[in-house]
Amino acid sequence: MLFKKTEVQQVANAMMNMLHEEEIDIVNDFHDAVVAKDVPKIDELFEVLLYDIEDHFSTEEDMMEESKFYAASIHKAEHDSMRKKVKAIKDAWDADKDAQKVQNFLEGDFKSWMVLHVARWDSETAMHLGDSM
Ligand SMILES: [Fe+2]
Ligand SMILES: [Fe+2]
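Residues in the sequence shown are numbered from 1 upward in steps of one, following the UniProt record's numbering.
Right under this line is the structure:
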């Protein structure tokens with residue numbers, strides 16, 4: 001398990017909380033497969049995770065655009081930097097199937113980014129959105 005549910009804070013928008021809970025479940029399953037160095041499972045769940053991350057980020061970006069959130073472009077830039085990192089680690093995995101590298105990424109960069117990003121950008125965006133969408 002990479003995240004306990006309580007490690008990622010709740011924000012003021014139900015849709016965003018749902019996206020985060022879903023992502024935590026998926027990334028926890030993925031992390032289990034990575035720790036077990038289960039190559040076929042990692043291949044399978046990597047695709048699920050990539051799809052989920054894109055769904056998470058683009059849903060937030062759509063909501064920000066619709067509600068004219070003043071810092072939408074900064075929030076999106078934060079997503080873009082994580083999109084790049086995730087793509088790089090997927091490319092590395094495809095090239096060398098090194099589960100340890102993926103594990104280090106999840107437990108390091110990814111985990112700390114997720115906690116800080118939700119606390120900083122998602123929570124502020126959620127306050128702007130409220131529970132209206
Ligand atoms: Fe988020
Ligand atoms: Fe976000």
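Positions of the beta carbon are idealized from the N, C-alpha and C atoms, including for glycine.
Distance, residue j Cα to residue i Cα
| i | j | result |
| --- | --- | --- |
| N34 | Q103 | Reading off the sequence shown, one finds Val at residue 34, where the question assumed Asn. Taking the straight line from one Cα to the other gives about 6 Å. |
| H75 | K37 | 34 Å |
| V86 | L50 | 8 Å |
| F30 | K41 | 8 Å |
| D25 | T6 | 13 Å |
| L116 | K68 | 23 Å |
| H128 | E107 | 30 Å |
| K111 | A119 | 12 Å |
| D32 | L2 | 8 Å |
Buried or exposed by the 16-neighbour rule on C-beta atoms within 10 Å, applied to residue i
| i | result |
| --- | --- |
| M63 | buried |
| E60 | buried |
| V8 | buried |
| M114 | buried |
| A95 | exposed |
Same chain, Cβ closer than 7 Å to residue i, five either side skipped, listed in chain order
| i | result |
| --- | --- |
| K97 | V39 |
Neighbourhood of residue i by C-beta, 6 Å cutoff - its chain only, sequence neighbours within 5 removed
| i | result |
| --- | --- |
| H56 | L19, E23 |
| H79 | F57 |
Rounded Cβ spacing between residue i and residue j (contact assumed at less than 8 Å)
| i | j | result |
| --- | --- | --- |
| A92 | K84 | That pair is no contact at about 13 Å. |
| S123 | V11 | 5 Å |
| F46 | K4 | Incorrect: roughly 23 Å between the Cβ atoms, too far for contact. |
Where the alpha helix (DSSP H) through residue i begins and ends
| i | result |
| --- | --- |
| W121 | W121 -> no alpha helix (DSSP H), and no H or E assigned at all. |
| M16 | 14 to 35 |
| E78 | 72 to 96 |
| E60 | 39 to 67 |
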